[in-house]
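Below: the structure, in structure tokens.
There are 2 protein chains.
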Amino acid sequence: MAYGKTALNSLAALGDPTRREIFARVAARPSAVGEIARGLPVSRPAVSQHLKVLKEAGLVRETAEGTRRIYFLDPRGIAAMRELLDSLWTTALGAFKQFADQLADEENDR
Amino acid sequence: MAYGKTALNSLAALGDPTRREIFARVAARPSAVGEIARGLPVSRPAVSQHLKVLKEAGLVRETAEGTRRIYFLDPRGIAAMRELLDSLWTTALGAFKQFADQLADEENDR
DNA sequence: ACTTACAGTAAGTAATGGCTTACGGAAAGA
DNA sequence: TCTTTCCGTAAGCCATTACTTACTGTAAGT
């Protein structure tokens with residue numbers, strides 16, 4: 000529980016391939032739901048549902064523009080994931096260095 | 000497709016809680032499958048399956064040691080995720096700024 | 001007021017994914 | 001070679017969830 004639930008939810012939200020694709024499109028450029036759905040192999044309501052998950056995960060936000068809803072990246076969610084990853088990265092580097100040294104020693108022993 | 004799909008896949012691999020725990024244990028110290036499974040609420044084959052996913056995501060690698068398979072982190076996967084997140088961070092800030100400016104303009108128009 | 005365009009929600013179905021048990025196979029020791 | 005230890009794979013089960021169609025609602029134009 001060392002990390003925020005937000006970051007963990009974000010990771011889980013990216014578990015679905017379709018949702019990853021939607022996320023990538025929103026990341027490329029803020030867009031309306033219809034635009035995002037266009038070209039995707041799933042229906043527009045499906046995209047709406049995915050966007051809801053991404054929103055609850057803190058990865059995207061929306062703003063109304065007429066009857067259209069423009070979705071764009073939420074910096075907070077991205078930041079949370081970055082922090083989580085940075086923390087993992089630190090401990091991982093330490094462990095890996097130790098392991099690499101050990102491997103090198105075993106090489107020298109032959 | 001502006002970003003590497005591989006890195007997104009890596010992030011997705013960390014979506015499952017059990018898989019995160021396994022990844023954390025491997026991150027803490029390179030270990031064999033049996034060691035990792037010990038203390039976990041799932042069976043050893045389940046751990047094997049999770050490790051397979053993590054491996055395909057480029058997050059871990061393995062080396063044989065007798066009949067044991069030692070799993071350790073793959074720094075390249077971690078690095079790829081960091082680069083992706085850094086890139087996302089930049090675009091997220093841009094999208095958010097654009098959103099904030101737009102809101103400010105609409106405020107002024109009233 | 002009527003229509004059109006856009007999007008979220010409900011409900012039911014299909015598919016995915018994580019888990020288990022059972023099995024097979026390679027390495028090391030007796 | 002026989003046994004033991006370690007591990008990956010196969011098959012099937014079950015809970016979750018992703019998807020579709022149908023519906024409702026809101027904003028804007030005519």
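Chains A and B, in that order, give the protein sequences.
Each residue of the first sequence is one higher than the one before, counting from 0 in numbering that gives the first Met the number 0.
Each residue of the second sequence is one higher than the one before, counting from 0 in numbering that gives the first Met the number 0.
Ideal placement from N, C-alpha and C gives every residue a C-beta, glycine not left out.
Beta-carbon spacing of A/Gly-57, A/Arg-68 below 7 angstroms: As a position in the first sequence, residue 57 of chain A is number 58, starting the count at 1. As a position in the first sequence, residue 68 of chain A is number 69, starting the count at 1. No, these two residues do not count as a Cβ contact at 7 angstroms.
Paired residues, beta bridge with B/Thr-62 - DSSP: For this step, residue 62 of chain B is matched to residue 63 along the second sequence. B/Ile-69, per the DSSP bridge assignment.
Three-state class that DSSP yields for A/Ser-9 in the structure shown: On the first sequence, residue 9 of chain A is found 10 positions in, with the first residue counted as 1. It is helical.
Bounding residues of the alpha helix (DSSP H) (the contiguous stretch that carries B/Ser-42): Position 43 of the second sequence, counted from the first residue, corresponds to residue 42 of chain B. Counting along the chain, B/Ser-42 falls outside any alpha helix (DSSP H), and DSSP gives it neither H nor E.
Pairwise C-alpha distance: A/Ala-31 and B/Phe-95: If you number the second sequence from 1, residue 95 of chain B lands on position 96. If you number the first sequence from 1, residue 31 of chain A lands on position 32. Cα to Cα, B/Phe-95 sits roughly 15 angstroms from A/Ala-31.
Best match in A/Ile-35, A/Glu-82, A/Leu-92 for proximity to A/Tyr-70 [C-alpha to C-alpha]: Sequence index remark: in the first sequence, residue 70 of chain A carries index 71 (1-based). Ranking A/Ile-35, A/Glu-82, A/Leu-92 by Cα distance to A/Tyr-70 puts A/Ile-35 first.
Meets three-Cβ-pair contact criterion under 8 angstroms: the stretch 3-18 of chain A and the stretch 7-20 of chain B: yes
Residues in the stretch 66-91 of chain B having any Cβ partner in chain A nearer than 7 angstroms: Phe-71, Leu-72, Pro-74, Ile-77, Met-80, Arg-81, Leu-84, Leu-87, Trp-88, Thr-90, Ala-91
Helix, strand or coil at B/Ala-26 according to DSSP, with G and I counted as helix: Translated into positions along the second sequence, residue 26 of chain B becomes position 27. Three-state result, B/Ala-26: helix.
Rounded Cβ spacing between B/Val-52 and B/Arg-18 (contact assumed at less than 8 angstroms): Mapped onto the second sequence, residue 52 of chain B falls at position 53. Mapped onto the second sequence, residue 18 of chain B falls at position 19. 7 angstroms between Cβ atoms; contact.
Helix, strand or coil at B/Asp-108 according to DSSP, with G and I counted as helix: Along the second sequence, read from residue 1 onward, the residue named residue 108 of chain B stands at position 109. Note that B/Asp-108 scores 47 on pLDDT, short of 50, meaning its location in the model is unreliable and no value can be drawn from it.
Span separating the alpha-carbon of B/Met-0 from that of A/Ala-23: The residue you call residue 0 of chain B lines up with position 1 of the second sequence. The residue you call residue 23 of chain A lines up with position 24 of the first sequence. Unreliable positioning characterises B/Met-0 in this predicted model, as indicated by a pLDDT of 37, which lies under 50. The coordinate reading is nonetheless provided below. Distance between the alpha carbons of B/Met-0 and A/Ala-23 is about 7 angstroms.
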